[in-house]
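So the structure is just underneath, and the comments pick up after that.
In our numbering, the protein residues as written are 280 to 366.
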């Protein structure tokens, strides 16, 4: 089994993958990091969970554009309840 380390938002994540998939996973992680870093710069350097979510949405939008998805009808989305937060 292959394994790579990814650094995102100052944290290191070790991910397992199939043998021979390390290079592909590293390339995907580099793309994610580039998008996240660009969004972080555009937002004035603020780093939080919202920026990670926005990064995921931007990449998902790019994917939908690439496969020719023109409406969200193919995606079943229901509103999530607000997570409870400890005070």
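All C-beta atoms, glycine included, are put in the ideal place defined by N, C-alpha and C.
Taking DSSP's pairing of strands, which residues face residue 295 in a bridge? Stepping through the chain shown from its first residue, residue 295 is reached at position 16. Per DSSP, 282.
Let me know if residue 339 comes out buried or exposed under the rule of 16 or more other beta-carbons within 10 Å of its beta-carbon. Taking the chain shown and counting its residues from 1, the one referred to as residue 339 is at position 60. When all chains shown are included, residue 339 counts as exposed.
Exposed unless 16 or more other CB atoms sit within 10 angstroms - verdict on residue 291: As a working note, residue 291 is residue 12 in the chain shown. By the 10 Å Cβ count, residue 291 comes out exposed.
Please report the straight-line C-alpha distance between residue 296 and residue 312, rounded to a whole angstrom. Along the chain shown, read from residue 1 onward, the residue named residue 296 stands at position 17. Along the chain shown, read from residue 1 onward, the residue named residue 312 stands at position 33. Computed Cα separation, rounded: 18 Å.
Using DSSP's beta-bridge definition, name the partner residues of residue 290. Locating residue 290 in the chain shown gives position 11, counting from the first residue. Answer by DSSP bridge pairing, in chain order: 287.
Which residues in the same chain have their Cβ closer than 8 Å to the Cβ of residue 366, if we skip the five residues on either side of it in sequence? Working through the chain shown from its first residue, we reach residue 366 at position 87. Low confidence applies here, because residue 366 scores a pLDDT of 38, under 50, leaving its location unreliable; read the following figure in that light. No residues qualify anywhere along the chain.
Classify residue 364: buried if its beta carbon has 16 or more other beta carbons within 10 angstroms, exposed otherwise. Counted from its first residue, the chain shown places residue 364 at position 85. Reliability of the predicted coordinates at residue 364 is poor, the pLDDT of 47 falling under 50, and no value is obtained from them.
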